[in-house]
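Working notes for the structure below.
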Amino acid sequence: MQFASKPRRKLVLYLAAVVVSWLAIAVVAGVQPYVGFLPILLLPAVAVAEHYGGLGPGVLSIMMCTVGSLLLMRVPLSVPEEVHSLTNLAVFPAVAASLLWVMHSRRQQQQLGEERRVELSTLLESMPEAVLIFDPSGRPVEVNSAAVAFTGLTREELLEYSTARLARHLAVQTEDQPVDFPNLAVTRALRGEVVRNESRVFSPPPDHNRIQAVVSASSLRGRQGEIIGALVVVRDVTEITQLQQRVADTERHLAIGQMAAGIAHDFNNVLDTISQAVGVLEIRPEQSVEDRKVVLRMIHNAVRRGTEIITRVQEYIRGGTGQQAPVDVRQMLEEALELTRPLWRNVPGLAVVQELRPVSPVLANAADLRRVFTNLIINAIQAMPQGGQLTVHCEQNTGTVAAWVGDTGAGIPPEAQKKIFLPYYTTKPAGTGLGLSTAQKIVLSQRGKIRFSSEPGQGTTFWVELPAMAPEQAPARIA
Amino acid sequence: MARILCVDDEPHVVTLKCAILQQAGHTVTASTSARDAIEKLQASAFDAVVTDWRLGDADGRVVVEAAKRHSAMPVVVVSGYVAEAFQAAEPLADLYLEKPVNPEELVTIVNELLKTSQRAAQRQD
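Right, dumping it as structure tokens:
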């Protein structure tokens, strides 16, 4: 049954207790002319009032019945004494038995509740996650051992803490900034929000080691749907995160190995050319000056290629370590287009679309950023030897500056998509495999993001997103 | 004096190898792609093949295959990817040389292989 509000529901229960009591009195009054005064028959009324209404209506029922009994006692006894005693005796076991039954089933229910509580707390205790149940004021009321261990407090201390104090104690943060009170998982759950698997970093005393964790929280609701607390689950993912990092490190080492192998190969090719050329010069002393010049030119070219290989590797290694200053992304894109002009000017059927909107400055190294865009534009042009559309775009978003370079070329084959950022990975016969890996290294070093989307036959778009400088940091004009 | 097909996708490398082998007294035909090399092997007779492994349009395996299909002529793979070439297995080339190759060594090796194969051919006759 649903009642509009609590006070009204209580009033109804008290009235019901009065009605039940007077009904019982009416029954006692009704049988009185035949068997005499039997106040024991009033007991079920008290039991019913207590069962449905609780202690208050129960006590009221006792008072009503006592008043009723006082009135009925004044009626003179109209049946023989033996009849009255016998009936009294006959009714007693029935009333006593029903009372016993009520008390017994109550106790059973209580035991069941107790068992369920034990089950629940065993379940909580066995969980590796820290589980905390908060009351509506934000104070923990139930915590498991994992939660106690996680906070580094004793259970008693923990139950004394408020949400705000606990958050301060644990130094709860997102990846890089503290979480303020209204955004804590508990606070949000107590507002009725559901928090699912959000990343947090905790640094609890005494050692203040960073703990990477995933937090979930939901509100606990009472029978009327009102919020009666919040359940918070904290899963420590430090180890998993470290493991993932180790896997990433291994991959990076493999990539470096691949890169070293690639450099060795390219270099051996260069040395091979020089070796053969010197051989030719040695075995053909009678060669004409013109022929010798051709061979010497080959040696020169091989040396130049060797130098280029070294320069590219140095660029990759150095990528993103240059001095940072406020930089205009739009200007960098314009310059990159200008630098690559010889590559796209003479491609038949190649259209260049510039969508360059004014953007706020980013903190970066201008030369590095120009190289990123140049690499992306060169890739785009190379993807469209038969012509197509090269789109260069930049725009201001909240907190970031986004730029993208798109082509309408063949797209990146799915099997290559996973590897394109690996150093020395290339699908081009003359590629070095360092363009995109250098670009990625530079963008990451500037706290930016680089990603791409590619549809076979439709083309490829590379996105670069860089954090915009806050207005107070940014200069009025960029030098 | 033998007829040799020299394959490498880099034109200047082919030019130099040809010059060295010619100087050693051989008739050398240059080729800069796998497809072109296979066509040349079908069109005319050769006594030996010297090829790179990673060619622009395919790997050296197809060249080795085409050469060995014609005769037991010696095939030398000269490459920066010798390990890869060696793992590619059947059919095997007669020799794998890692770049950079010493020109004199290349000539000596080719001459030795040619002598062995000529002796084998004579015995068969």
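In order, the protein sequences belong to chains A and B. Under the numbering used here, the first residue of the first sequence carries the number 1, and numbering increases by one thereafter. Under the numbering used here, the first residue of the second sequence carries the number 480, and numbering increases by one thereafter. Positions of the beta carbon are idealized from the N, C-alpha and C atoms, including for glycine. Owing to the predicted nature of the structure, the values given are computational and were not obtained by experimental measurement.
Please confirm whether residue i and residue j have their CB atoms less than 8 Å apart.
| i | j | result |
| --- | --- | --- |
| residue 276(A) | residue 499(B) | yes |
| residue 572(B) | residue 541(B) | no |
| residue 381(A) | residue 347(A) | yes |
| residue 170(A) | residue 230(A) | no |
| residue 537(B) | residue 564(B) | no |
| residue 315(A) | residue 438(A) | yes |
| residue 387(A) | residue 411(A) | no |
| residue 173(A) | residue 215(A) | no |
| residue 501(B) | residue 492(B) | no |
| residue 65(A) | residue 45(A) | yes |
| residue 357(A) | residue 389(A) | no |
| residue 406(A) | residue 461(A) | yes |
| residue 394(A) | residue 359(A) | yes |
| residue 38(A) | residue 91(A) | yes |
| residue 146(A) | residue 127(A) | yes |
| residue 33(A) | residue 78(A) | yes |
| residue 552(B) | residue 510(B) | no |
| residue 140(A) | residue 120(A) | no |
| residue 192(A) | residue 227(A) | yes |
Between residue i and residue j, what straight-line distance do the alpha-carbon atoms span, to the nearest angstrom?
| i | j | result |
| --- | --- | --- |
| residue 184(A) | residue 212(A) | 16 Å |
| residue 344(A) | residue 423(A) | 26 Å |
| residue 17(A) | residue 68(A) | 14 Å |
| residue 96(A) | residue 56(A) | 22 Å |
| residue 331(A) | residue 402(A) | 13 Å |
| residue 495(B) | residue 463(A) | 45 Å |
| residue 132(A) | residue 232(A) | 5 Å |
| residue 415(A) | residue 421(A) | 13 Å |
| residue 291(A) | residue 335(A) | 42 Å |
| residue 327(A) | residue 441(A) | 18 Å |
| residue 104(A) | residue 86(A) | 28 Å |
| residue 253(A) | residue 371(A) | 25 Å |
| residue 29(A) | residue 81(A) | 17 Å |
| residue 2(A) | residue 109(A) | Residue confidence for residue 2(A) is low, a pLDDT of 41 falling below 50, so the modelled location carries little weight; the figure read from the coordinates is stated next. Roughly 23 Å between the two C-alpha positions. |
| residue 248(A) | residue 289(A) | 56 Å |
| residue 557(B) | residue 312(A) | 26 Å |
| residue 369(A) | residue 533(B) | 34 Å |
| residue 8(A) | residue 54(A) | 15 Å |
| residue 235(A) | residue 203(A) | 14 Å |
Against chain A, with Cβ distances strictly below 8 Å, would residue i count as a contact?
| i | result |
| --- | --- |
| residue 583(B) | yes |
| residue 599(B) | no |
| residue 575(B) | no |
| residue 539(B) | no |
| residue 491(B) | yes |
| residue 486(B) | no |
Just checking: is the beta-carbon of residue i within a distance shorter than 8 Å of some beta-carbon in chain B?
| i | result |
| --- | --- |
| residue 275(A) | yes |
| residue 265(A) | yes |
| residue 268(A) | yes |
| residue 259(A) | no |
| residue 298(A) | yes |
What does the Cβ neighbour count give for residue i, buried or exposed, with the cut at 16 atoms within 10 Å?
| i | result |
| --- | --- |
| residue 452(A) | buried |
| residue 101(A) | exposed |
| residue 505(B) | buried |
| residue 560(B) | buried |
| residue 361(A) | buried |
| residue 25(A) | buried |
| residue 49(A) | buried |
| residue 155(A) | exposed |
| residue 535(B) | exposed |
| residue 20(A) | buried |
| residue 209(A) | exposed |
| residue 516(B) | buried |
| residue 531(A) | In the structure displayed, chain A extends from 1 to 479; residue 531(A) sits before or after that span and is not available. |
| residue 199(A) | exposed |
Cβ closer than 8 Å: which chain B residues qualify as neighbours of residue i?
| i | result |
| --- | --- |
| residue 280(A) | 495, 498, 499, 502, 582 |
| residue 284(A) | 498, 502 |
| residue 254(A) | Those within 8 Å of residue 254(A) in chain B number zero; the least Cβ separation is about 16 Å. |
List, in chain order, every chain B residue whose beta-carbon is nearer than 9 Å to that of residue i.
| i | result |
| --- | --- |
| residue 271(A) | 578, 579 |
Any heavy atom of the ligand COA closer than 7 Å to the CB of residue i?
| i | result |
| --- | --- |
| residue 161(A) | This structure lacks the ligand COA, and indeed carries no ligand of any kind. |
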